[in-house]
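For reference, each letter of the sequence shown is one residue, going 29 to 73 in my numbering.
All residues carry an ideal CB built from backbone N, CA and C; glycine is no exception.
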Amino acid sequence: KEELATNPFMRVTEPAVQKFAGGEKDPVKVMGVVRAAKDNFVVGK
Numbered sequence: 029k030e031e032l033a034t035n036p037f038m039r040v041t042e043p044a045v046q047k048f049a050g051g052e053k054d055p056v057k058v059m060g061v062v063r064a065a066k067d068n069f070v071v072g073k
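And the structure:
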């Protein structure tokens with residue numbers, strides 16, 4: 029239950045995550061945007 033509440037990869041259909049993905053609604057595309065953000069994340073920036 030906690031995983032569903034906190035993991036953005038499990039919440040690709042939620043409006044807040046879709047907004048982060050530029051308003052994209054397709055769950056596969058949202059997942060791609062979230063994954064790219066994760067891959068490019070730098071601590072302290």
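Here the alpha carbon of residue 37 sits roughly 22 angstroms from the alpha carbon of residue 72. For residue 70, no alpha helix (DSSP H) encloses it, and the DSSP letter there is neither H nor E. Bounds of the alpha helix (DSSP H) holding residue 30 are 30-34. In this structure residue 56 is exposed. Its beta-carbon is surrounded by fewer than 16 other beta-carbon atoms within 10 angstroms.
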